[in-house]
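Here the structure is laid out as structure tokens; the discussion comes afterwards.
There are 2 protein chains.
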Amino acid sequence: MTEMRTLKVALLGCGNVGAQVARILIEDADALAARTGARLQLSGIAVRNVNARRDVDLPQELFTTDADTLVKDADLVIELMGGIEPARSLIVTALRNGACVVTGNKALLAQDGPTLYEEADKAGVQLSYEAAVAGAIPILRPIRDSLAGDRITKVLGIVNGTTNFILDQMDTTGAQFADALAEAQRLGYAEADPTADVEGHDAAAKATILASLSFHTRFALENVYCEGISSVSAADIAAAKDAGFVIKLLAIAEKLTDADGNDGVSVRVHPTLLPREHPLAAVHGAFNAVFIEAENAGELMFYGQGAGGTPTASAVLGDLVSAARRIVLGGPGRTETTTGHVPALGIEAATTSYYIGLDVADQPGVLARIAQLFAEHGVSIEIMRQTIHTDTASNVESAELRIVTHRASEAALAATVEAVKGLDVINSVTSVLRVEGV
Amino acid sequence: MTEMRTLKVALLGCGNVGAQVARILIEDADALAARTGARLQLSGIAVRNVNARRDVDLPQELFTTDADTLVKDADLVIELMGGIEPARSLIVTALRNGACVVTGNKALLAQDGPTLYEEADKAGVQLSYEAAVAGAIPILRPIRDSLAGDRITKVLGIVNGTTNFILDQMDTTGAQFADALAEAQRLGYAEADPTADVEGHDAAAKATILASLSFHTRFALENVYCEGISSVSAADIAAAKDAGFVIKLLAIAEKLTDADGNDGVSVRVHPTLLPREHPLAAVHGAFNAVFIEAENAGELMFYGQGAGGTPTASAVLGDLVSAARRIVLGGPGRTETTTGHVPALGIEAATTSYYIGLDVADQPGVLARIAQLFAEHGVSIEIMRQTIHTDTASNVESAELRIVTHRASEAALAATVEAVKGLDVINSVTSVLRVEGV
Numbered sequence: 006m007t008e009m010r011t012l013k014v015a016l017l018g019c020g021n022v023g024a025q026v027a028r029i030l031i032e033d034a035d036a037l038a039a040r041t042g043a044r045l046q047l048s049g050i051a052v053r054n055v056n057a058r059r060d061v062d063l064p065q066e067l068f069t070t071d072a073d074t075l076v077k078d079a080d081l082v083i084e085l086m087g088g089i090e091p092a093r094s095l096i097v098t099a100l101r102n103g104a105c106v107v108t109g110n111k112a113l114l115a116q117d118g119p120t121l122y123e124e125a126d127k128a129g130v131q132l133s134y135e136a137a138v139a140g141a142i143p144i145l146r147p148i149r150d151s152l153a154g155d156r157i158t159k160v161l162g163i164v165n166g167t168t169n170f171i172l173d174q175m176d177t178t179g180a181q182f183a184d185a186l187a188e189a190q191r192l193g194y195a196e197a198d199p200t201a202d203v204e205g206h207d208a209a210a211k212a213t214i215l216a217s218l219s220f221h222t223r224f225a226l227e228n229v230y231c232e233g234i235s236s237v238s239a240a241d242i243a244a245a246k247d248a249g250f251v252i253k254l255l256a257i258a259e260k261l262t263d264a265d266g267n268d269g270v271s272v273r274v275h276p277t278l279l280p281r282e283h284p285l286a287a288v289h290g291a292f293n294a295v296f297i298e299a300e301n302a303g304e305l306m307f308y309g310q311g312a313g314g315t316p317t318a319s320a321v322l323g324d325l326v327s328a329a330r331r332i333v334l335g336g337p338g339r340t341e342t343t344t345g346h347v348p349a350l351g352i353e354a355a356t357t358s359y360y361i362g363l364d365v366a367d368q369p370g371v372l373a374r375i376a377q378l379f380a381e382h383g384v385s386i387e388i389m390r391q392t393i394h395t396d397t398a399s400n401v402e403s404a405e406l407r408i409v410t411h412r413a414s415e416a417a418l419a420a421t422v423e424a425v426k427g428l429d430v431i432n433s434v435t436s437v438l439r440v441e442g443v
Numbered sequence: 006m007t008e009m010r011t012l013k014v015a016l017l018g019c020g021n022v023g024a025q026v027a028r029i030l031i032e033d034a035d036a037l038a039a040r041t042g043a044r045l046q047l048s049g050i051a052v053r054n055v056n057a058r059r060d061v062d063l064p065q066e067l068f069t070t071d072a073d074t075l076v077k078d079a080d081l082v083i084e085l086m087g088g089i090e091p092a093r094s095l096i097v098t099a100l101r102n103g104a105c106v107v108t109g110n111k112a113l114l115a116q117d118g119p120t121l122y123e124e125a126d127k128a129g130v131q132l133s134y135e136a137a138v139a140g141a142i143p144i145l146r147p148i149r150d151s152l153a154g155d156r157i158t159k160v161l162g163i164v165n166g167t168t169n170f171i172l173d174q175m176d177t178t179g180a181q182f183a184d185a186l187a188e189a190q191r192l193g194y195a196e197a198d199p200t201a202d203v204e205g206h207d208a209a210a211k212a213t214i215l216a217s218l219s220f221h222t223r224f225a226l227e228n229v230y231c232e233g234i235s236s237v238s239a240a241d242i243a244a245a246k247d248a249g250f251v252i253k254l255l256a257i258a259e260k261l262t263d264a265d266g267n268d269g270v271s272v273r274v275h276p277t278l279l280p281r282e283h284p285l286a287a288v289h290g291a292f293n294a295v296f297i298e299a300e301n302a303g304e305l306m307f308y309g310q311g312a313g314g315t316p317t318a319s320a321v322l323g324d325l326v327s328a329a330r331r332i333v334l335g336g337p338g339r340t341e342t343t344t345g346h347v348p349a350l351g352i353e354a355a356t357t358s359y360y361i362g363l364d365v366a367d368q369p370g371v372l373a374r375i376a377q378l379f380a381e382h383g384v385s386i387e388i389m390r391q392t393i394h395t396d397t398a399s400n401v402e403s404a405e406l407r408i409v410t411h412r413a414s415e416a417a418l419a420a421t422v423e424a425v426k427g428l429d430v431i432n433s434v435t436s437v438l439r440v441e442g443v
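Here the protein sequences come in this chain order: A and B.
Sequential numbering of the first sequence, starting at 6, is according to my numbering.
Sequential numbering of the second sequence, starting at 6, is according to my numbering.
This is how it looks when you write it as structure tokens:
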């Protein structure tokens with residue numbers, strides 16, 4: 006048997022995911038070598054503090070604070086530091102040096118992906134980032150390769166485990182948002198400062214990456230409309246449940262034609278009602294899933310763990326072995342194609358169904374007036390349901406009205422809601438939520 | 006802009022899938038060229054009868070009966086004829102000629118895959134077959150590439166749409182097998198001779214391919230234990246439903262240790278009970294799904310359309326574009342690795358939970374005697390439930406006993422069932438079914 010080639014692997018960062026990647030590289034070295042055709046030698050781990058406590062017991066001599074030297078001597082670089090700098094500069098150095106790079110840095114990719122893709126193209130090496138979206142779930146490679154001969158028309162993703170855990174808790178226990186968030190923090194599903202998750206910023210970064218690959222066009226974070234879940238109330242969840250829906254925070258990328266007849270893609274993140282029988286409705290806890298509609302393939306769904314050190318390490322290592330095989334077999338890397346050139350459309354181009362909850366006076370003719378007003382704004386009502394409440398103390402009756410519309414534009418819907426608020430018979434608009442999957 | 010290279014694509018077979026592949030190659034030529042970096046020119050379609058009626062209107066001049074000449078002049082060959090010969094010889098000719106081959110021929114791959122993989126390796130070209138398992142669902146590429154750095158421990162697949170449709174019909178309508186089969190035939194989900202589907206042969210071929218890729222070892226069809234669904238009764242389905250289960254025909258490949266302590270893989274196809282809350286339980290109609298457990302990634306599921314001309318064509322074209330990109334970029338093909346060398350284990354090595362239905366005499370002490378007998382055979386009971394029936398005409402009481410065991414070996418279970426049959430208080434053993442997902 007001929008001597009097997011050795012490829013040097015530099016690891017940048019040793020947090021939750023990095024520590025597991027290092028462990029697997031060491032523990033599974035023989036199996037990885039058999040699958041790769043080369044030994045993957047962990048040449049060092051760049052960290053800020055070489056004496057910090059780690060989740061995993063790793064050889065102390067691997068740690069260094071000199072990331073730059075480590076990167077310059079590597080065939081493969083794994084970047085798991087997060088944040089923009091120094092991650093960006095180190096990745097650029099690695100690519101220019103001819104190393105393949107694997108990263109899970111969604112924030113960096115969403116903000117500055119094009120620069121990095123171009124550097125990889127110029128150097129003829131691979132830049133892979135399966136771990137950046139939906140953790141362990143193989144989703145980017147299937148979109149890029151398996152669906153390369155198809156046309157994706159829509160992507161709906163539950164890509165943030167924290168918010169899915171919170172919404173699932175609210176759905177199953179009836180908890181308010183604040184209590185479900187506290188529970189998520191207690192269990193380690195949410196960070197002390199949960200802003201990036203609950204306000205949808207993390208999902209928006211992932212939506213940018215999913216949309217770019219799905220539509221062969223580079224979208225930027227500022228193309229993404231973003232609305233988080235902090236204003237979703239227990240009452241919203243209960244009303245949705247009663248109507249046969251579940252509320253999920255979805256990252257959506259969808260081919261559309263705007264009001265002026267221009268084709269484009271709407272990329273957006275917002276709380277969304279889904280029918281309970283939709284495959285995404287069954288995604289519980291901190292799990293992730295991405296639902297794809299393609300012209301030929303039809304409906305596809307990819308489901309699995311969206312976060313966690315070990316699951317995410319699986320995605321990192323899949324990219325690493327694939328890149329290493331390419332080095333062993335020779336031949337340049339294959340990057341995503343960006344020849345689609347479809348424009349990003351603003352949220353105003355999106356047409357979805359809406360769920361609207363109204364607290365109304367219980368008077369004859371109210372339903373007719375509201376229905377008339379919707380019709381005047383060109384918003385067609387699919388379902389209208391009224392429930393009468395009697396306050397036994399005051400003996401005052403009020404009515405709760407729940408409306409599900411057919412597909413309507415954001416603008417028409419907003420105008421309708423404004424007009425509805427102006428009616429004297431309306432006590433309040435209790436919720437306005439988008440509906441998918443109907 | 007430089008002139009784009011043209012790659013000649015030969016299509017063998019023009020049935021359900023082939024006709025859609027040809028249509029998309031012609032209709033989407035520009036988009037495919039943009040994504041590939043080369044024009045994919047359909048150079049001809051080899052068929053038995055050039056004048057046969059097709060589902061799709063295609064240029065008559067493309068059709069030929071001379072497959073051999075067509076193959077020898079192609080850069081890429083798509084084989085969708087099915088069957089063993091002449092498909093095998095044509096694929097070998099293509100590979101030896103340096104063409105990349107895309108096929109959906111699961112029967113050929115299950116029977117003679119190793120020969121074909123070796124020919125592709127020798128020629129340094131790609132042999133891809135995503136369409137052979139689970140139609141449009143990207144499953145083989147994720148297993149081969151995305152999970153290349155992980156260790157798969159178990160694969161559970163609903164990989165035959167016909168049987169899933171039939172079992173789903175039986176589950177939702179209470180129909181008997183024969184009636185559900187007739188309905189499937191009426192709707193075009195089952196063929197006039199449904200043997201290959203309902204007896205599990207089609208699923209067994211797919212199990213062979215899934216197991217080979219998942220465990221980096223070439224398994225043969227004769228390593229697969231195979232049991233179809235023709236003996237599943239409406240009563241089995243009803244009893245399972247009542248106990249919170251659904252019956253699915255699963256293709257299973259699982260890492261195990263046999264009774265002698267040998268590690269290996271059990272590959273099997275059989276009707277299986279799944280808890281209703283298991284992700285695979287929600288796969289309805291003719292849809293397919295593959296559930297994977299991996300050491301690091303944890304649980305993953307891939308869901309979509311498992312058959313049909315257009316969805317399957319999507320998988321064929323994904324392989325085609327990927328192979329063509331490789332040709333354009335240069336560099337040899339990447340095949341699956343088979344360095345795992347794990348032995349195939351017989352069905353006797355499998356340990357699963359079992360569901361056992363018994364029709365017993367309603368006498369005191371019956372439950373205790375049966376429980377005692379299970380204990381003597383080392384089979385531990387998880388749930389035991391008795392329902393009493395009174396025949397109002399004869400006033401004779403009988404009892405139905407339903408048992409779910411903990412994990413037990415096939416051998417221990419078979420011995421237990423034999424012993425139970427010998428008891429004088431047993432009228433009949435109404436069902437013995439394996440349970441997964443508990």
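Glycine included, every Cβ here is placed at the ideal spot set by N, Cα and C.
The structure presented is a predicted model; accordingly, all values stated were derived computationally and were not measured.
8 Å Cβ cutoff, residue i in contact with chain B
i                  : result
Gly-154 of chain A : yes
Asn-301 of chain A : yes
Glu-90 of chain A  : no
Arg-339 of chain A : Unreliable placement is indicated for Arg-339 of chain A, whose pLDDT of 47 sits below 50; no coordinate value is reported for it.
Thr-108 of chain A : no
Pro-147 of chain A : yes
Gly-131 of chain A : The residue asked about is misnamed: residue 131 of chain A is Gln in this sequence, not Gly. With 8 Å as the cut-off, Gln-131 of chain A does not count as an interface residue toward chain B.
Met-306 of chain A : yes
Glu-188 of chain A : no
N- and C-terminal bounds of the beta strand (DSSP E) containing residue i
i                  : result
Tyr-194 of chain A : First-last for Tyr-194 of chain A: undefined, no H or E at that position.
Leu-81 of chain A  : 81-84
Gly-162 of chain A : 157-163
Residue i: first and last residue of the uninterrupted alpha helix (DSSP H) it sits in
i                  : result
Gln-174 of chain A : 166-178
Ala-15 of chain B  : Per DSSP, Ala-15 of chain B belongs to no alpha helix (DSSP H); it is in the beta strand (DSSP E), 10-17.
Phe-379 of chain A : 371-381
Leu-113 of chain B : 111-128
Asp-241 of chain B : 239-247
Asp-35 of chain A  : 34-41
Ala-417 of chain B : 415-426
Cβ-Cβ distance between residue i and residue j below 8 Å
i                  : j                  : result
Glu-282 of chain A : Val-270 of chain A : no
Val-295 of chain B : Ile-157 of chain B : no
Leu-285 of chain B : Lys-253 of chain B : yes
Glu-298 of chain B : Thr-357 of chain B : no
Gly-87 of chain A  : Leu-67 of chain A  : no
Test: residue i CB closer than 8 Å to a CB of chain A
i                  : result
Val-251 of chain B : no
His-382 of chain B : no
Ser-327 of chain B : yes
Gly-162 of chain B : no
Residue i versus residue j: straight-line alpha-carbon distance, rounded
i                  : j                  : result
Glu-169 of chain A : Asn-301 of chain A : The question names Glu, but residue 169 of chain A in the sequence shown is Asn. C-alpha separation (whole angstroms): 30 Å.
Gly-162 of chain B : Ala-256 of chain B : 5 Å
Lys-111 of chain B : Val-138 of chain B : 7 Å
Ala-183 of chain B : Asp-265 of chain B : 42 Å
Pro-369 of chain A : Leu-279 of chain A : 32 Å
Gln-174 of chain B : Ala-185 of chain B : 6 Å
Thr-272 of chain A : Gln-116 of chain A : Just to set this straight, residue 272 of chain A is Val in the shown sequence, not Thr. Roughly 15 Å between the two C-alpha positions.
Thr-340 of chain A : Thr-41 of chain B  : Since pLDDT at Thr-340 of chain A reaches only 47, below the 50 mark, its modelled position is unreliable, and the value read off the structure follows with that caveat. Each residue's Cα considered, the two are about 11 Å apart.
Gly-338 of chain B : Leu-121 of chain B : Low confidence applies here, because Gly-338 of chain B scores a pLDDT of 49, under 50, leaving its location unreliable; read the following figure in that light. Whole-angstrom Cα-Cα distance: 14 Å.
Contact belief for residue i with residue j at Cβ below 8 Å, rounded distance in angstroms
i                  : j                  : result
Val-203 of chain B : Ile-234 of chain B : 6 Å
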